[in-house]
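Asks: After the structure tokens below, expect a handful of questions from me.
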Amino acid sequence: MVTVVVLSGIQRGHVLPVAGKDATAAGQSNVAPAEVEVETGESVASEPPPPALNPQAPAEFREEAGTAALPAARANRARGVAKSAVVNSMQSASGAPHNFNTAEYDHFKENPFLPAAANPLSTFSIDVDTASYANVRRFIHSGALPPKDAVRIEEMVNYFSYDYAQPEADQPFSINLEVAGCPWQPEHRLVRIGLQGREVANEKRGASNLVFLLDVSGSMEPAERLPLIKQSLRLLVDRLTENDRVAIVLYAGASGLALPSTPGNEKEKILAALQDLKPGGSTNGAAGIELAYRIASEHFIKGGVNRVLLATDGDFNVGVTSQGDLVRLVEEKAKTGVFLSVLGVGNDNLRDSTMQKLADNGNGNYAYLDSLEEARKVLVQQINGTLMTIAKDVKVQVEFNPSRVGSYRLLGYEKRMLRKEDFNDDRVDAGEIGAGHTVTALYEVVPSGAGGSPEVPPVDPLKYQAPNPNMTSFSRFSEEML
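Below you can see the structure in the form of structure tokens.
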């Protein structure tokens, strides 16, 4: 277990390396209104990286990366647009609803402002999923408004990579802190907490044991589903070597093995198996998942990358279909060292809620593929982060100083909130960081004495308490915050 404590006086832009259990750094500055503590259940430093990749990015993603400085504003605007949409129904720009849509998204309520005096600690699990951004983009490109619950701010923000400093030595990640003005409320402050996962050189990569678990049910026939998945996986297969292995498991009514575990340099054999896939039948997802894990376990590579890649629209309609049963299944399998990543496709019957839960509990990540360019981003440009875990069960705890902070709210991470007691409880699962991943969290902070707003009414000064003139040195130090 590694615990990092960054005191609130840290210099703007300073990076604190993970130096060991209870490592503490303090500086002098007036920029940060909080103490941040990050805990990882386990650092996975020995797991080798996946195959070498083509670094060239399509123009679309170069353009998006160039505007990465504005993700919070984009997310805020997207959230505002989503509020006018109807959950589980695509609504065109003209206002005409399409009632055939049966897509499912987990409902959540935005995090409220909390008074720092009563709630000085804010605790959450990190999240590196990016599905929400690509899914919202798909709605916008089609001229439709996304459902409110499809807009998850943390995934909109974390879709982009940020220029955070790399961690020192062989530490799994670095911590970056910065405070700026709040664009939508000038009297408030915006606190950014950024984690940068360690980059892993491709030439040092070890073996990968991959199982492609593919949904070939009847609902996967449209071009943006199974055909897109086949094209996407070809990009990954092109990067495999003789040290890697890949198997293909199908599920549609009855699960089956389309390709036994095969060396990665037998590309013609692997690509031929992908090309032969055809949709048909109903979906028995649980049986396919069980078979995929069995194949992965039989070819387990100690110290390597052992992962199931599930590609589906999430519409499990035959067999064990309850989210609870599926989640328990992948959660138990993750304990064996075989992780699960999910590639979502589709639109009108997209089971976003199911796929998100499976990835979270399978110690993996969830990406949505709306185009071949997005597949190239996930499976080529960012494959190290998609496949290789460098730190597991990462939790963040922030402590706010009530003498300087009136109230605060965390933007996003509504489904990742934890109790303060969960921070030191190793039984509580949390998110994973992949190689090269960046994780960003934004807090909107109301300084003490700031004027009120409709969301945060002003609080009258205390009548029976006054600041203690005999404050401790730590309290005096805290006065410098903000």
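Heads up: the sequence shown begins at 3 in my numbering, then just goes up one per residue.
Using N, Cα and C, we set each Cβ at its ideal position, and we do this for glycine too.
Model, not experiment: these values are computed from the prediction.
1. Return the Cβ separation of V347 and E226 in integer angstroms, given the expectation that the two are a contact with Cβ distance under 8 Å.
2. If I measure Cβ to Cβ from G451 and keep anything under 8 Å in the same chain, skipping five residues before and after, which residues do I get?
3. What separation, rounded to the nearest whole angstrom, lies between the Cα atoms of L311 and Y445?
4. What residue range is occupied by the uninterrupted beta strand (DSSP E) comprising G326?
5. For G2, which residues in the same chain have their Cβ closer than 6 Å to its Cβ, ignoring the five residues on either side in sequence?
6. Are the CB atoms of S263 and N211 within a distance shorter than 9 Å?
7. Just how far apart, CA to CA, sit N121 and D427?
8. If you follow the alpha helix (DSSP H) that I272 is part of, which residue opens it and which one closes it?
9. When DSSP labels each residue in this structure, what does K394 get in the three-state scheme?
10. Starting from the Cα of I155, find the closest Cα among G438, F402, E423 and R418 and give me that residue.
11. Using the DSSP secondary-structure output, state which residues sit across from V400 in a beta bridge.
12. Suppose contacts are defined by Cβ-Cβ distances below 9 Å. Is V38 in contact with V400 by that definition?
13. Hey, how far is the Cα of A260 from the Cα of K232?
14. If you run the structure through DSSP and keep just helix, strand and coil, what is Y445?
15. Using a Cβ-Cβ distance under 9 Å, would S176 count as near chain D?
16. In the structure shown, what three-state DSSP assignment does P117 receive?
17. Only counting runs of 3 or more residues, tell me where the beta strand (DSSP E) segments fall wholly within the region 333-379, in order along the chain.
18. For G436, which option in D131, N113 and E268 has the closest C-alpha, if you only look at C-alpha atoms?
19. Could you give the distance in angstroms between the alpha-carbon of D240 and the alpha-carbon of A432?
20. Ignore the nearest five residues each way along the sequence and tell me which others in A77's own chain have a CB closer than 7 Å to its CB.
21. Distance check for T314 and L253, CA to CA, integer angstroms please.
22. Of all the options A274, S324 and Q198, which has the alpha carbon lying nearest to the alpha carbon of F175?
23. Is the Cβ-Cβ distance between A289 and A249 less than 9 Å?
24. Looking at the strands, I want to know which residues DSSP matches up with V248.
25. Is the region 182-189 close to the region 379-399, with three or more CB pairs under 8 Å?
26. Going straight from the alpha carbon of G258 to that of P281, what length do you get?
27. Check T440 in the structure and name its three-state DSSP category.
28. Using the C-alpha atoms, what's the distance from Y135 back to Y161?
29. In chain order, what residues of the same chain have a beta carbon less than 7 Å from the beta carbon of E244, not counting five sequence neighbours either side?
30. Going by alpha carbons, who is nearest to N204 out of Y415, M390 and S221?
31. Per the DSSP calculation, L420 is bridged to which residue(s)?
32. Can you tell me where the alpha helix (DSSP H) with T314 in it begins and where it stops?
Replies: Here's the rundown:
1. A Cβ-Cβ separation of about 6 Å places V347 in contact with E226 under the 8 Å criterion.
2. G408
3. 33 Å
4. It is not in any beta strand (DSSP E) - G326 instead sits in the alpha helix (DSSP H) that spans Q325 to A336.
5. With the chain covering 3 to 484 only, the question about residue 2 has no answer from this structure.
6. Their beta carbons are under 9 Å apart, which means N211 touches S263 by this criterion.
7. 19 Å
8. Element bounds for I272: K269 to Q277.
9. strand
10. R418
11. V38 and S124
12. yes
13. Spanning the alpha carbons of A260 and K232 requires a straight line of approximately 13 Å.
14. strand
15. Protein chains in the displayed structure number just one, and chain D is not present.
16. strand
17. 341-346 and 368-370
18. D131
19. 33 Å
20. Confidence in A77 is poor, its pLDDT being 42 and thus under 50, which makes the residue's placement unreliable; the coordinate value appears in the next sentence. Around A77: I155, M158 and V159.
21. Correcting the residue identity first, residue 253 is Tyr in this sequence and not Leu. Inter-residue distance for Y253 and T314 is about 10 Å (C-alpha atoms, whole angstroms).
22. Q198
23. no
24. According to DSSP, which records beta bridges pairwise, V248 is partnered with L212 and T264.
25. no
26. 13 Å
27. strand
28. 7 Å
29. P265, G266 and N267
30. M390
31. T125
32. No alpha helix (DSSP H) holds T314; the beta strand (DSSP E) holding it covers V307 to T314.
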